[in-house]
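One point on numbering: in the working numbering, the residue at position 55 of the sequence shown is 1428, and numbering is uninterrupted.
Quick reminder that beta carbons are idealized off the backbone N, C-alpha and C, glycines included.
Remember, it's a predicted structure, so these values are computed and weren't measured experimentally.
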Amino acid sequence: MNEFQQQILQKIDQIASKLQNYKTSNQELMNEKQELKAKVEYLERRESELVSEIENNKLELSEKSKIIDQATNKIEELLGSIDIDA
């Protein structure tokens, strides 16, 4: 084999090595992309759950606030009737 053929074979080997590196890098990037996609989907679901939980908490607080207001009004009525009687 002459020197020119040997140089061509070396170049082919270099190109093949680079292509293998690109293939490996591409596969790693694809795997990372899939992991990130799964994380985003999880975070979106979790966000939805938390928004729902916040809405439920708001409703619960609103109901409790109404009960407190009703109790306060009753107490004020009772105190008002005590003042009248006294």
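Taking just the CA atoms, how far does Val1424 sit from Glu1417?
-> Position 44 of the sequence shown, counting from 1, holds the residue named residue 1417. Position 51 of the sequence shown, counting from 1, holds the residue named residue 1424. In this structure, the straight-line span from the alpha carbon of Glu1417 to that of Val1424 is close to 11 Å.
Classify Asn1430 as helix, strand or coil using the three-state DSSP reduction.
-> Working through the sequence shown from its first residue, we reach residue 1430 at position 57. DSSP places Asn1430 in the helix class (H, G or I) of the three-state scheme.
Asn1375 by DSSP, collapsed to three states: which one?
-> Position 2 of the sequence shown, counting from 1, holds the residue named residue 1375. DSSP, reduced to helix, strand and coil, places Asn1375 outside both helices and strands of the structure shown, so it counts as coil.
Note down the Cα distance separating Ser1454 from Asn1446, rounded to an integer number of angstroms.
-> Along the sequence shown, one-based indexing puts residue 1454 at 81. Along the sequence shown, one-based indexing puts residue 1446 at 73. In this structure, the straight-line span from the alpha carbon of Ser1454 to that of Asn1446 is close to 12 Å.
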